[in-house]
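Below is one structure, written out as structure tokens, with a few remarks after it.
Residue numbers (the working numbering): 376 to 577.
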């Protein structure tokens with residue numbers, strides 16, 4: 376057992392979202408699964424499972440754990456219509472990590488989630504708990520629990536809108552700092568994007 380301790384670098388719940396969830400995945404074996412419960416309509420919450428095919432982790436020089444996952448899918452036949460999803464979990468180093476939450480009233484993980492297309496993007500953030508991680512054969516396995524996210528910002532017309540949501544996840548991440556940093560970089564680029572069809576000029 377390796378304790379989590381000592382790096383850091385958005386969906387209208389519709390039938391269309393279901394297409395986003397259950398496509399064949401290969402790169403992350405087994406896949407990292409994230410469950411979203413959307414409260415966009417508080418009277419009729421909807422739950423969706425999303426499998427991320429690309430998942431990596433690394434530790435920062437300060438000892439913080441960073442987990443990044445990404446997946447892409449196309450609602451039609453055109454690659455230009457590709458939708459990308461990103462999730463980033465930043466777990467701060469704890470001096471005395473244990474097998475359960477260090478403090479039941481204190482979150483230990485920051486969460487970023489984004490859905491990005493050519494037409495727009497939605498960015499969410501929140502907090503939650505990450506249960507101690509197990510590392511075996513270069514792969515990290517851990518669970519995110521009791522997490523909540525809400526919309527921070529959006530650009531253009533995002534492909535989906537979750538509203539406020541609860542999040543649970545099981546991450547199966549490979550030890551690959553370069554891949555994790557690349558995903559952080561892609562996420563930052565998406566934050567500065569200009570959606571297709573946006574007016575040109577200053």
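Idealized CB from N, CA, C, for every residue including glycine.
Find out if the Cβ-Cβ distance for the pair residue 562, residue 463 is shorter than 8 Å.
yes
If residue 491 sits next to residue 446, beta carbons under 8 Å apart, how far is it from one beta carbon to the other, in whole angstroms?
11 Å between Cβ atoms; not a contact.
Got a sec? Which residues, its chain only, sit under 8 Å from residue 518 by beta carbon, not counting five neighbours each side?
505, 506, 543, 544, 545 and 546
Specify the secondary structure class of residue 419 as computed by DSSP and reduced to three states.
Correct three-state label for residue 419: coil.
For my contact list, residue 494 and residue 531 are in at a C-beta cut-off of 8 Å; report their separation, rounded to the angstrom.
Residue 494 to residue 531, Cβ: 5 Å. Contact.
What is the C-beta distance between residue 487 and residue 500, in whole angstroms, given that I count them as a contact (C-beta under 8 Å)?
5 Å
Could you give the residue range of the beta strand (DSSP E) that holds residue 428?
Here residue 428 belongs to no beta strand (DSSP E), and DSSP marks it neither H nor E.
For residue 468, the nearest candidate out of 456, 457, 485 and 461 (CA to CA)
485
Determine the contact status of residue 413 and residue 540, defining contact as a CB-CB distance below 8 Å.
yes
If I follow the unbroken beta strand (DSSP E) through residue 504, where does it start and stop?
495-505
Would you mind working out which of 443, 536 and 565 sits nearest residue 423, comparing C-alpha positions?
536
So, residue 406 versus residue 428, is the Cβ gap smaller than 8 Å?
yes
In terms of alpha-carbon separation, which member of 502, 436, 524 and 548 lies closest to residue 411?
524
Give the DSSP-derived three-state secondary structure of residue 535 in the structure shown.
coil
Reduced DSSP category for residue 411 - H, G, I as helix; E, B as strand; rest coil:
strand
Among residues of its own chain, excluding the 5 on either side of residue 408, which ones have a beta-carbon nearer than 8 Å to its beta-carbon?
Taken in chain order, the residues that qualify are 424, 425, 426, 427, 544 and 545.
Apart from the five residues on each side of it in sequence, which residues of its chain come closer than 6 Å, Cβ to Cβ, to residue 498?
Answer for residue 498: 385, 489, 527 and 528, listed in chain order.
As assigned by DSSP and simplified to three states, the class of residue 527:
strand
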